[in-house]
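Asker: Read top to bottom, the protein sequences are chains A and B. Under this note's numbering, the first residue of the first sequence is numbered -11, with each subsequent residue one higher. Under this note's numbering, the first residue of the second sequence is numbered 930, with each subsequent residue one higher. Ideal Cβ positions, reconstructed from N, Cα and C, are used throughout, including at glycine. Being a predicted model, the structure only gives us computed values, none of them experimental. Submitted below is the structure of interest, expressed as C-alpha cells.
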Amino acid sequence: MTTQPPDVVPESADLILNRDPLLAFELGNDDSLPASSIDQIDLKIRRQDDPFSKPYWQQFRLPCQGKETITALLRKLRNQPVTIDGETVDPVAFDHNCMEEVCGACAILINGKPRMACSALIEEFNGMITLEPLSKFPIIRDLIVDRSRMFAHLKRVKAWITLDGTWETQQPPLRMSPHDVAVNYLYSRCMYCGCCMAACPQYDENQEFVGPATLAQVRLLNHHPLGQYEKTERLHRIMTVGGLSDCGNAQNCVRVCPKEIPLTTAIGELGRAVTWQLFKDLFGD
Amino acid sequence: MQTSIHDSHFILRRLHSLFGLIPIGGFLVLHIWENGQSHLGAEYFNYYVAQPIMHTTYLLIIEIVVIALPLLFHAGYGLVIIGSGSAEPFRYRYRRNWLYWLQRVSGVAIVAFLALHIGLTRVAAWLDPAIYQDLFGYMQQSLTQPVTLVVYLLGLWLSVFHLSNGLATAAIAWGLTTNAAAQRRFGYVCLLIGVILGSLGTHALIGFLP
C-alpha cells in the first residue's frame, strides 16, 4: 500500500508558521498516515565543511516510512539536524531538484554505491544507511560535489548538433526508422548524474578519461539525422588521450546507471566505428 | 583537427591490444602446443621439438623482434595502464569488474613469472649451452622440485587467463562484439578457449615429470 502526501494546498500563513501539511507529512507528524513497518532509521553521513577541510562522520536517527525516499529523509533531517548523541549540528547540505529521477542532481553514494537519492526507497535497505558524496568529484560541502568537469567532457567531444550552416535550414529533417528512434531514445534519457563515472575505475579527478556517459552521447549524436554530419570529428575527438581507448571494460557503468542506458553497447559500437575510422585515416576513405 | 593516426596515445593503446594477441598470444598457443609433445618421451622431444627450434634460421632475430620487443612493450605499457586506474573489486562485486581487476593482477604476476621462467631456461641455456643437448632432462630436473612445478602451473594458468580475458576485452575495444549479449556470448567462447589452453598446458607440464 502506498501513501500519498495530503492533497492540500498550503495557505501562505501555514508556510510562514511552519504548518505546511507537506512538511507535517515529511516529519511524520500527520496522524492520518497509516502505520508502516519501518518507523525509524539510522543514518550515517560523511560530512565535510568546505572543499579544503577534512571529512568526518555523523550519525542521525530519524522517524520514517518505508516508502519514503532518501531525499525525503534528508529534507526531514534539515529541519531537525540533531545527531544520535543529541548534539544540534549544521544541517547537511545536499543537492536535489526534480524529485523524479530525471534531473541528475541528487546522485550520492548510498551504502557505498552511486544512486539517485530521490528514487532510493528506505525499505530497500536493511539497518543503518550510509550516505557519502558522489566519488571521483571534488567536494563542495557535505553531499554536494562539483560536477562541472562533466560539462567540459561534453564540450570536448562536441556533444551537440550544428544547426547553423550554409545549408537550407527549412529542409525537413531526415527520416529515422522507428527502430532507430527507439534505440536512440535509450541514450537520450541520460541525465548526466555522474553515477557511471563514480563507479568507473578508469575515471578519476586526476585522469583525462571523459567517462561512459560522455561516450554514450557521442554514440547518440553520431546516429542523429543532423548530428551524423559531424560523426568523423566526434570520433577523432575520442581517439585521443581521455577518449574511448581509456575504457578498461570493467563495465561497472552499465550496472549502476539509474536510467539503464546501454553504456557498454555504446562503447562496443564506438569501438567498431573507431576501428573503421582508423582504417580510413590510415588507408584513405 | 588532428586525426587518429597522429595521436600517439590512441595508436599506443591499440598496439598494446594488438601485440597482446599477435604475436604474444599466438606465441603462447604455439609454446603450449609444442610442449604438449613432452608426453612422447625425452628422445622424441629433444630430437623433434628442441633441435628444430635451435636450428631455425634467424632464430635470435625472430626471438627479439617477434617475442621479446612486443612482450616488453606490452608489459611496460600495461604497467602504465594499470597506474591510470583504481580497481574497487569489493565495492563493485560484478563479474566484469573482477575480471578487470584480475587482468591487472595477473599482468603484474606474469611479469614476475616470465623473469623467472626466461632466466631458468633461455638465459640459463645461454650461459650453459649443454642444457640444449638434453632440454627434456633439464626441464624434468627443474619441474620435479615441487616449488618450481607450482610456480609453473600458476604462471601457466595466469597467462592463459590473461590471454583469454584479453581476447574478450579486445573484441569490445576493436568493435567485434558491440552489444551486451554478443559480449557475453564471446566471453563464454573465451572462457572455453582459456580452459582448453590451460588444460593443454597442464598436460604438457605433467609430461615432463618422471
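With a threshold of 6 Å on Cβ separation, who are the neighbours of I117/A within its own chain once the five nearest residues in sequence on each side are excluded?
Answerer: L31
Asker: With a threshold of 7 Å on Cβ separation, who are the neighbours of I149/A within its own chain once the five nearest residues in sequence on each side are excluded?
Answerer: L209, H212, L214 and G215
Asker: Using beta carbons (cut-off 8 Å, strictly below), is L989/B in contact with chain A?
Answerer: no
Asker: Is A23/A helix, strand or coil when you go by DSSP?
Answerer: Residue confidence for A23/A is low, a pLDDT of 48 falling below 50, so the modelled location carries little weight and cannot support an answer.
Asker: Beta strand (DSSP E) containing Q47/A: first to last residue?
Answerer: Y44 to P51
Asker: Residues of chain A with CB closer than 8 Å to the CB of G1012/B, please, in chain order.
Answerer: Under the 8 Å cutoff, chain A gives no residues; its nearest Cβ is about 10 Å from G1012/B.
Asker: Suppose contacts are defined by Cβ-Cβ distances below 8 Å. Is A1133/B in contact with I1011/B by that definition?
Answerer: Result no, Cβ atoms of A1133/B and I1011/B do not sit closer than 8 Å.
Asker: Nearest chain B C-beta to P43/A closer than 8 Å, yes or no?
Answerer: no
Asker: What residues from the region 1093 to 1126 of chain B come within 7 Å of chain A, judged by C-beta to C-beta, listed N to C?
Answerer: If you check each beta-carbon in the region 1093 to 1126 of chain B against every beta-carbon of chain A, the ones closer than 7 Å belong to T1098, I1101, A1102, W1103, G1104, T1106, T1107, N1108, A1109 and Q1112.
Asker: Tell me which residues of the region 135 to 149 of chain A have at least one Cβ-Cβ distance to chain B shorter than 8 Å, keeping chain order.
Answerer: With the criterion set as a beta carbon lying under 8 Å from some beta carbon of chain B, the region 135 to 149 of chain A has no members that meet it.
Asker: Would a check of beta-carbon distances place R207/A closer than 8 Å to chain B?
Answerer: Closer than 8 Å: no.
Asker: DSSP puts K101/A in a beta bridge; with which residues?
Answerer: Answer by DSSP bridge pairing, in chain order: I98/A.
Asker: Do L957/B and L1043/B have their CB atoms nearer than 8 Å?
Answerer: no
Asker: Please name the residue, chosen from L1105/B, I996/B, T986/B and V1080/B, that lies closest to E257/A on a Cα-to-Cα basis.
Answerer: L1105/B
Asker: Can you give me, in chain order, the residues of the region 1003 to 1034 of chain B that have a beta carbon less than 7 Å from any beta carbon in chain A?
Answerer: S1013, G1014, S1015, A1016, E1017, R1020, Y1021, Y1023, R1025, N1026 and Y1029
Asker: Under a Cβ-count criterion, where at least 16 other Cβ atoms within 10 Å of its own Cβ denotes burial, should A140/A be classed as buried or exposed?
Answerer: So A140/A ends up on the exposed side.
Asker: According to the Cβ coordinates, are S233/A and F939/B closer than 8 Å?
Answerer: Going by C-beta atoms, S233/A is nearer than 8 Å to F939/B.
Asker: Within 8 Å (strictly less), CB to CB, does H167/A reach chain B?
Answerer: Among the residues facing chain B, H167/A is not included, as its CB has no counterpart in that chain under 8 Å away.
Asker: I'd like to confirm the pairing. Which residues does DSSP put opposite R144/A in its beta bridges?
Answerer: Note: R144/A sits in no beta bridge, so no partner.
Asker: Could you tell me which of H167/A, C184/A and N240/A sits nearest to M104/A, measuring between CA atoms?
Answerer: Minimum Cα distance to M104/A is reached at C184/A.
Asker: In whole angstroms, what separates the C-alpha of R942/B from that of F1019/B?
Answerer: If you take the alpha carbons of R942/B and F1019/B, they lie about 27 Å apart.
Asker: Against chain B, does A23/A count as a neighbour if the rule is that its beta carbon must be under 8 Å from one of theirs?
Answerer: Residue confidence for A23/A is low, a pLDDT of 48 falling below 50, so the modelled location carries little weight and cannot support an answer.
Asker: If the cut is a Cβ gap below 7 Å, which residues of chain B does Q281/A touch?
Answerer: No information on residue 281/A is available, as it lies outside the stretch -11 to 273 that chain A covers here.
Asker: Using a Cβ cut-off of 8 Å, pull out every chain B residue sitting near D78/A, in sequence order please.
Answerer: Here the premise fails: no neighbours, minimum Cβ distance about 28 Å.
Asker: Please list, in chain order, all residues of the same chain as C94/A whose beta carbon is under 6 Å from its beta carbon, the five residues on each side excluded.
Answerer: T59, D83, H84, M104, A105 and C106, listed in sequence order.
Asker: Against H938/B, what residues of chain A qualify as contacts under a CB-to-CB distance less than 9 Å, listed in chain order?
Answerer: Residues of chain A with a Cβ closer than 9 Å to the Cβ of H938/B are, in chain order, M227, T228, V229, G230, G231, S233 and D234.
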